Every structure is written in structure tokens, then in C-alpha cells.
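Heads up, the sequence shown stops at 224 in numbering that gives the first Met the number 0, and the numbers go up one at a time, no gaps.
Yeah, the Cβ is synthetic: ideal placement off N, Cα and C, and Gly gets one too.
A quick note: this is a predicted structure, and the numbers were derived from the prediction, not measured.
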Amino acid sequence: MIFQNLHRIRYKEAWDYQEERFGKLVASKRNETFPQEQYLLFCEHEPVFTLGKHGDKHNLLITEQTCKQRGIDFFPIDRGGDITYHGPGQLVVYPILDLEAFGIGIKQYISMLEDVVIETLQAYDIHAQKDEKAMGVWLDAGDPRKARKICAIGVRASRYVTMHGLALNVNTDLSYFHLINPCGFVDRGVTSMQQELGAEVDFDELSDKVKERFCRVFAMDLECA
0 MIFQNLHRIR YKEAWDYQEE RFGKLVASKR NETFPQEQYL LFCEHEPVFT
50 LGKHGDKHNL LITEQTCKQR GIDFFPIDRG GDITYHGPGQ LVVYPILDLE
100 AFGIGIKQYI SMLEDVVIET LQAYDIHAQK DEKAMGVWLD AGDPRKARKI
150 CAIGVRASRY VTMHGLALNV NTDLSYFHLI NPCGFVDRGV TSMQQELGAE
200 VDFDELSDKV KERFCRVFAM DLECA
């Protein structure tokens, strides 16, 4: 598994980078050629709203023209889920994996992504949970009045090869979420590690912890590119 940190990057550039590697892995599986390289990509994005393939554009509460005026990109994309925000202070993780090599299906894969985040947050005494009715990682998931999402998940898979992934709010400016119905919800909030802890989180240290948990949960080793 090859690890790459793309650092701060515009969404379209990272999307194209993913697509190229995703396409090569799908093709190598189809043609049974080797090597079949898999990737774990970390990055932050400039402000952008992305809308999943089954999402409702009405969950973008401002016009695309207003997005442009505010310097926010907007992309309808080919992952699951509805609308979400990516931006500075948010750790975005794009695993490009062959699930068959791990012996897992898509539902288990999503559950394992949630486990990576939940275990990472435990190291900061943030007690997060899964919600059977809503993908992602939540705080106070069982209380509709308090439930708030700290990590969004949306994936695409073809021939059991994945792309897209997760977005963990670390030191994220949460005001951008007021411009959308996050993940299509109108009755649930959004939070960040910074908001829960009352202090800014060391982003590099957090990234290392996520990487460590990823290796543990998926029982894999990483090679830095």
C-alpha cells in the first residue's frame, strides 16, 4: 500500500489524481496484470461543496454563482451520499483499495472506515459512534436533539476497487456548513475536533494517528511515495 500526502490541494486536481490511480487499478484487475498498486491518499482542500450522484441539489442553500463569488468550488461527483463541504482544517482521506484483496465487501469497508475515525477520536477523549441509519461518524448519535456529525463518508466502487473516502473535521471552519444541508440532513448538526475540545488540534499529529489506526484496522503496511 502506497501512502501519499497531497497536502493542500484543489478538489478537481485531487479528483483527477484519484481517477487516474483508480482507473489503473480497475484495469489491472480486469486484465489480471501486475503490479496492482493500492493507495492511501491524505489531503486538505480549498473550500468546495461536493454533491453525491443521488444527492439533491436543493441541499445547496446558495446559488452556484454565489459559490463562485465566495471562492467556493462546487462539483457534482460520482460517490454515494448527498452534499458535503471540504476545506482547510479538514483531513480528507482517499483510499484506493481492492476490497477483494482484503476479503471484505463495501458495507464492511465503510464500517471499517468509521472504526478508523472512532478509534482515532478515542485518543483525544472524544467518544464518537456509528449510526445505523446514517453513514459517517457521529457524537451523541442516539439523541436527535444533540446528534452532530464529525466525519463524513462517501465512496465509489467498481470491481471492488474504491475511491473517494472520508472527511474528518479537525480545525474546520464550520460556518460553511450553514450554506448547505450537510449530507441532506436538516435536523442534525456538524462539529469538529476543535469545537469539541475547545482548542486547535495539531494537524500533523492527528494525521499520523489516523494513519496508524488505518494500518491497524485494515492490517496493512504503508510505503511512503
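In the DSSP assignment, Asn30 falls within the unbroken alpha helix (DSSP H) covering 10-30. Bridge partners of Lys148 according to DSSP: Trp137, Val189. Note on Thr171: 16 or more other CB atoms within 10 angstroms of its CB, so buried under the neighbour-count rule. With fewer than 16 other beta carbons inside 10 angstroms of its own, Gly102 counts as exposed.
Excluding the 5 residues flanking it on each side, Glu113 has same chain C-beta neighbours closer than 6 Å at Lys129, Val136, in chain order.
If you draw a straight line from the Cα of Ile179 to the Cα of His85, it is about 12 Å long. The continuous beta strand (DSSP E) containing Leu40 extends over residues 38-44. Among the bridge pairs identified by DSSP, Ala218 is matched with none. For Arg9, same chain residues with a beta-carbon under 8 Å away, outside a window of 5 residues either side, are His44, Glu45, Val47, Asp72 in chain order. As the crow flies, the alpha-carbon of Lys23 is around 43 Å from that of Pro143. The Cβ atoms of Lys208 and Ala151 do not sit closer than 8 Å to each other.
Taking the CA atoms as reference points, Leu165 sits about 15 Å from Cys214. Ranked by Cα distance from Arg158, the first of Phe2, Ser27, Tyr38 is Ser27. The residues Asp81, Ile82, Ile179, Asn180, Gly183, in chain order, have a CB closer than 7 Å to that of Asn58 in the same chain once the five nearest residues on each side in sequence are set aside. Looking only at Phe217, Leu39, Asn168, the smallest Cα-Cα distance to Leu205 is reached by Asn168.
The beta carbon of Gly51 sits closer than 6 Å to the beta carbons of Arg78, Gly79, Gly80, Asp81, Gly153 from its chain, once the five residues preceding and following it are set aside; these are given in chain order.
Excluding residues up to 5 positions away in sequence, Glu43, Asn168, Val169, Asn170, Thr171, Asp172, Ser191, Gln193, Phe202 lie with their Cβ nearer than 8 Å to the Cβ of Gly88 in the same chain. Ranked by how close their Cα comes to the Cα of Thr161, the residues Glu36, Asn30, Thr32, Lys11 have Glu36 in first place.
In the DSSP annotation of this structure, the continuous segment of the beta strand (DSSP E) that includes Gln128 starts and ends at 128-130. The straight-line gap separating the alpha-carbon atoms of Gln68 and Phe74 is approximately 15 Å. Contact check for Phe41 against Leu98 fails: the beta carbons are separated by 8 Å or more.
The beta-bridge partner set that DSSP reports for Asn168 consists of Gln89.
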